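Below: one structure, written as structure tokens.
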Amino acid sequence: MKYYFRLNQDNFIVDAITFPAEGYIEYETDYPLPAGINGGWWRFENGQPVEYPELKPETELEQRIADLEAAIASILGGAV
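Under the working numbering, the final residue of the sequence shown carries the number 139; numbering is consecutive throughout.
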């Protein structure tokens, strides 16, 4: 399947579509694209998408869980 990516100035994928369009680069693969590939934490490097999970924004639930874990850790002296 062919996909077309729009990249930002740092080569991060900010849009992925299935039809050619001006300003998009072609990418062909036998596999479906991963969910979130156009979310800004995938970079196009050497002709391949590369994920940078540390750049993926946390969901509100993930942030709340992290906050609760930090609060429990501070109460228990860091033992969670």
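All C-beta atoms in this analysis are idealised placements derived from N, C-alpha and C, irrespective of residue type, glycine included.
As the structure is a prediction and not an experimental result, all values here were calculated from the model.
- Assigned with DSSP and collapsed to three states, Asp-126 falls in helix.
- Annotation for Leu-66: the continuous beta strand (DSSP E) segment containing it runs 61-66.
- One alpha carbon belongs to Arg-65, the other to Trp-101, and they sit about 11 Å apart.
- Rounded to the nearest whole angstrom, the C-alpha separation of Glu-117 and Met-60 is 30 Å.
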